[in-house]
Amino acid sequence: MSPSPSNSADTGQRLRQAVDEERPLQMVGVPNAYCALLAQRVGFRGIYLSGAGVANVAYGRPDLGLTSRAEVVEEARRITAVTSLPLLVDVDTGWGDEIVDCVQELEQASAAGLQLEDQVDEKRCGHRPGKVLVSIAEMQARLTAALAARQNNSFVIMARTDAGAVEGLTAAIDRSLAYVETGADMIFVEALTSLDEYHRFTEAVQVPVLANLTEFGQTPLFDREQMAQSGVSVLLYPLSAFRVMSKSVEALYASIRTDGTQRAWLEHMQSREELYELLDYHTAELAQDAQHKKDRQKMAQVRKQPSGGLADIVAGDSAICTVGKQGHGLSYRGYAIEDLTASACFEEVAYLLLYGKLPTTGQLDAYLQRLSSLRKLPEELKAQLEMLPASSHPMDVLRSGCSLLGCIEPEHSFDEQYNIADRLLATLPVMLLYWYGFHKHGKRMDSVMEIAGETINLAGSFLHLLHGKAPTEIQQRALDASLILYAEHEFNASTFAARVTASTLADFYSCITSAIGTLRGPLHGGANEATMAFIADFSDPDAAEEAVLAALASHQKVMGFGHRVYRESDPRNTLIKAWSKRLSDDIGDGRLFAVSERIEQVMWREKKLFANLDFYSASVYHFLAIPVSLYTPVFVCARVAGWAAHVMEQRQHNRLIRPTANYIGPDERSFVPLGQR
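Residue numbers (the working numbering): 28 to 704.
Written out as structure tokens, the structure reads:
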């Protein structure tokens, strides 16, 4: 029967316990989740995800540090989802400033720990020549960042040194002692060549030591007893399974190609029943049948009993976004939000949503240039924006601006919809900030707009227009990340409003205007504005906790918590929270982040309510010096990409959206003439 998946709360402790009890603990590399099941079946108590394994097996690449953090974390998630064995993950050099995210994501993925090495970023395999090491101080900085990032102290931070083959045993010992002093829990010493070297090393370094017994490398294939006598605590066989699989598969393929059949290999194959037994296939099949039956019953019940707010009603098909699968998770056209936020810019994501695929380098460059060229506002629109009162709500300005642009540059046919979508992406932020700047400074903003027009991406242009100067890189990246997180969210109220409007075959501008008007409502937009108003004046976390407890006691709602669709967590929260912390550190003001974090902790402790995207986006926008009244309009500037994609999808497979009401009024009554009433 398939084992239970790992529990993130105790997996690190179970790895430490296994090391203490077995000494040396035998740890095998698992190239995929299925091999992890095999390792558990035969009795191993620890498994390892090799950087080379991910590069070689999953992506067919050489082990030269080419895999991304997202790729490694995803492989770890797949493994821990099916096995309870503690998993140690090779993160190479930690991807530079991504190490904090790496640690936290691996903890969330229920890994037991990670191994971080002291090579330069342009790393080599540990048993290849040409390795170059970073300084001890730089490796200590990597370790310090990793140690500070972990939420659970049982999560293992293992430091690997490649100094043995480069600088000699003494240098390897000196480096390892420095790493232990920094806080490393265990040491991975690479490429020693004799039992005496291992004995001398373990005598000097008084923490658990891992020896890498990889085949065809510099270290002889010592057995377990020899390693135990040398004081080694963990024996690693990182690629043994992969090497056997590769050789066997190649031989099988050659045999089939030559003989025209696989019959000679049947005795070497795992049978179908053996596969099914390991995967607990029959139990899963029964569970699936039961779930399908339950779903059919639920849908039948849904059709009979209308639900307030259309909760749990499937209102249509969409290929754009998945929200809250199994209580959590978010993806845009199949790409996880974590990967998009880590590796893409907002314009890449907008292109993905609108055109259905990620752009190539050339396509992205051209798209950035196109959006930049579309930012200029028509003179008629600028004149109308200047006439809107300074007291106008910024959302009303965007709603009116969108409608006005539709009058000035109307949609004549659906063939123009991509051009209009790009035009709105480019101009909505400029409309907002032109109006804001005009009333703030009392004059036209043409000169600033021309300068900002040279800033190629939306995030940089927005901050440049707002503040009159170019943003720093971290400011631009933070806003860019928030735009990605707000870009799309399936059939939310404003998106559904846009689709309802589109289903009538209304013009593109009317669809987006409907969406903006819907987001104007406080039950849909404005949560981060309310959050900022709540947290802004707390002097410290204790004052914040006291206020939250008082609010809960009086049954007041604390904005920024819980979600209509997500049941376990909002996947966007971790990502935006990390940016809030970075910005807080960047400006040297930790008060607001500390206050926010305490409120988050109290809400979970008292109500089991998790923070959603709006909660930490409030502090992100505060650190970016964005006025509170513009928080929801920033939401619009991002979400217009998702709205536009849904309008196009609705038009492509259109049918008028016209639900039926469940009548609850009085029964038939006789009409009474006016004079007799």
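Where a beta carbon is used, it is the ideal one built from N, C-alpha and C, also for glycine.
In this text, all values refer to a predicted model and were calculated from it rather than measured experimentally.
Tell me which residue opens and which closes the alpha helix (DSSP H) that residue i is part of.
{"i": "Thr454", "result": "Gln444 to His468"}
{"i": "Tyr86", "result": "From DSSP, Tyr86 is part of no alpha helix (DSSP H); its letter is neither H nor E."}
{"i": "Lys409", "result": "Glu406 to Met414"}
{"i": "Pro421", "result": "Pro421 to Ile435"}
{"i": "His673", "result": "Tyr658 to Gln679"}
{"i": "Ala688", "result": "It is not in any alpha helix (DSSP H) - Ala688 carries neither H nor E in the DSSP assignment."}
{"i": "Asp569", "result": "Pro568 to Ala580"}
{"i": "Gln502", "result": "Glu500 to Tyr513"}
{"i": "Gln256", "result": "Arg251 to Gln256"}
{"i": "Ala524", "result": "Ala520 to Ser530"}
{"i": "Ile543", "result": "Phe535 to Leu546"}
{"i": "Thr601", "result": "Pro598 to Ile614"}
{"i": "Phe373", "result": "Phe373 to Tyr382"}
{"i": "Gln131", "result": "Ile126 to Gln135"}
{"i": "Leu305", "result": "Arg299 to Leu306"}
{"i": "Thr558", "result": "Ala554 to Ile562"}
For the beta strand (DSSP E) holding residue i, just list the boundary residues, first then last.
{"i": "Val100", "result": "Counting along the chain, Val100 falls outside any beta strand (DSSP E), though it belongs to the alpha helix (DSSP H) covering Arg96 to Thr107."}
{"i": "Leu262", "result": "Val261 to Tyr264"}
Give me whichever residues DSSP pairs with residue i in a beta bridge.
{"i": "Arg187", "result": "Glu144 and Phe215"}
{"i": "Asp344", "result": "In DSSP, Asp344 forms no bridge with anything."}
{"i": "Ser358", "result": "Thr349 and Ala363"}
{"i": "Asp117", "result": "Gln142"}
{"i": "Tyr75", "result": "Gly56 and Leu115"}
{"i": "Ala238", "result": "Val216 and Leu262"}
{"i": "Leu160", "result": "Gln146"}
By DSSP, does residue i sit in helix, in strand, or in coil?
{"i": "Gln233", "result": "coil"}
{"i": "Phe711", "result": "Absent from the model: residue 711. The displayed extent of the chain is 28 to 704, so no value can be given."}
{"i": "Leu391", "result": "helix"}
{"i": "Gly210", "result": "coil"}
{"i": "Met54", "result": "strand"}
{"i": "Asn710", "result": "Absent from the structure is residue 710, since the part of the chain shown begins at 28 and ends at 704."}
{"i": "Ala278", "result": "helix"}
{"i": "Leu735", "result": "Since the first residue of the chain shown is 28 and the last is 704, residue 735 is not available in this structure."}
{"i": "Asp641", "result": "helix"}
{"i": "Ile483", "result": "coil"}
{"i": "Ser29", "result": "Per-residue confidence for Ser29 stands at a pLDDT of 46, beneath the threshold of 50, marking its modelled position as unreliable; no derived number is given."}
{"i": "Arg696", "result": "coil"}
{"i": "Val46", "result": "helix"}
{"i": "Glu438", "result": "coil"}
{"i": "Ala417", "result": "coil"}
{"i": "Tyr593", "result": "coil"}
{"i": "Ser35", "result": "The predicted position of Ser35 is uncertain, since its pLDDT is 49 and thus under 50; a value taken from the coordinates is nonetheless stated next. Ser35 falls in the coil class under three-state DSSP."}
{"i": "Arg471", "result": "coil"}
{"i": "Arg290", "result": "helix"}
{"i": "Arg227", "result": "helix"}
{"i": "Ala202", "result": "For clarity, residue 202 is Arg in the given sequence; the question names Ala instead. Arg202 falls in the helix class under three-state DSSP."}
Between the options, which has its C-alpha nearest residue i's C-alpha?
{"i": "Arg72", "options": "Arg104, Ala139, Val127 and Ala82", "result": "Ala139"}
{"i": "Gln53", "options": "Asn179, Ala520, Lys467 and Arg251", "result": "Arg251"}
{"i": "Phe269", "options": "Pro113, Ser260, Thr285 and Glu242", "result": "Glu242"}
{"i": "Cys429", "options": "Gln315, His466 and Leu459", "result": "Leu459"}
{"i": "Ser419", "options": "Glu443, Tyr463 and Lys409", "result": "Tyr463"}
{"i": "Phe620", "options": "Met630, Leu602, Arg599 and Phe650", "result": "Phe650"}
{"i": "Met414", "options": "Ile447, Ala448 and Arg471", "result": "Arg471"}
{"i": "Ser358", "options": "Thr171, Ile511, Gly389 and Val147", "result": "Ile511"}
{"i": "Ala231", "options": "Tyr264, Glu217, Ser260 and Ile200", "result": "Ile200"}
{"i": "Tyr378", "options": "Asp597, Thr545 and Ile347", "result": "Ile347"}
{"i": "Thr38", "options": "Thr387, Ala103, Pro51 and Val424", "result": "Ala103"}
{"i": "Arg323", "options": "Val341, His309 and Leu337", "result": "Val341"}
{"i": "Arg169", "options": "Gly123, Leu204 and Leu160", "result": "Gly123"}
I'd like to confirm something about residue i: is its beta-carbon nearer than 7 angstroms to some heavy atom of the ligand NAD, or not?
{"i": "Ser607", "result": "Questions concerning the ligand NAD fall outside what the structure shown contains, since it holds no ligand whatsoever."}
Are three or more beta carbon pairs between the region 221 to 230 and the region 158 to 172 nearer than 8 angstroms?
Short answer: they don't touch.
Okay, do the region 682 to 700 and the region 523 to 537 touch, 3+ Cβ pairs below 8 angstroms being the bar?
A contact exists between the region 682 to 700 and the region 523 to 537.
Between the region 434 to 452 and the region 656 to 672, are three or more C-beta pairs nearer than 8 angstroms?
yes
Three-pair Cβ contact test at 8 angstroms for the region 255 to 262 versus the region 276 to 285:
no
For the region 105 to 117 against the region 69 to 88, are there 3 or more C-beta pairs whose distance is under 8 angstroms?
yes
Indicate whether the contact test is met: 3 or more Cβ pairs, each with one atom in the region 582 to 598 and one in the region 535 to 544, closer than 8 angstroms.
no
The region 635 to 653 touching the region 552 to 565, judged by at least three CB pairs closer than 8 angstroms
yes
Three or more C-beta pairs under 8 angstroms: does that hold for the region 402 to 410 against the region 508 to 522?
no
Count Cβ pairs between the region 123 to 141 and the region 600 to 609 that sit closer than 8 angstroms; are there 3 or more?
yes
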